[in-house]
Amino acid sequence: MAPKARSSAAKPPAAKASLGFTSTKKGGAATAKKQSGKSVEPKKKATASNSKAAAKSELAGLYPSLYRKALREMGTPIHRDGMDDIEVILRVFDANEEFGPCSRMTRLERWERAEKLGLKPDPEIAEILRSEEGRNTLVYRDSVFQI
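The numbering of the sequence shown is full-length UniProt numbering, which starts it at 1 and goes up by one.
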């Protein structure tokens, strides 16, 4: 049986709704500047991720070899907007099945359990998690898979 042909008269074409956004194509921002006559610098939004990254600067950069190892295992982080290198390291620890399940426990509890079982997790991760910032920052303390 042949498929039925659609009638173009059945539905009128949908009108494009204007939402007030400017074009993101090349030249879109430049034409807006030319029309207004003023050169306008794009403003950076003050977001929680920017302030979060600034607050994490104490530990960030202290573990370059562990960070390189994490990047080799994980690859380039896709959604890395507000993440620092410590978060990348800890996410790789979360994803490592060798140390057992990680739901319903903190990262430090998981690390200590793996140590008791003789699984030899990186001691630098325990150093991060036992630091004051590691204990007080939810992003560091809790697993990505925390329920």
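All C-beta atoms in this analysis are idealised placements derived from N, C-alpha and C, irrespective of residue type, glycine included.
Spatial distance of residue i from residue j (CA atoms)
i: P123; j: R135; result: 16 angstroms
i: F99; j: E132; result: 23 angstroms
i: I89; j: A70; result: 5 angstroms
i: Y140; j: E109; result: 13 angstroms
i: A63; j: E127; result: Note that residue 63 is Tyr in the sequence shown here, rather than Ala. Straight-line Cα distance between these residues: approximately 10 angstroms.
i: M105; j: N96; result: 15 angstroms
i: P121; j: D94; result: 11 angstroms
i: S103; j: T76; result: 24 angstroms
Residue i and residue j closer than 7 angstroms at C-beta
i: S143; j: R107; result: yes
i: E115; j: V92; result: no
i: D81; j: A60; result: no
Helix, strand or coil at residue i [DSSP, three-state]
i: D81; result: coil
i: A60; result: coil
i: P101; result: coil
Residue(s) in a DSSP beta bridge with residue i
i: D142; result: T106
Cβ-heavy atom distance, residue i to the ligand MN, below 6 angstroms
i: Y67; result: Ligands in the displayed structure: none, and consequently the ligand MN is not present.
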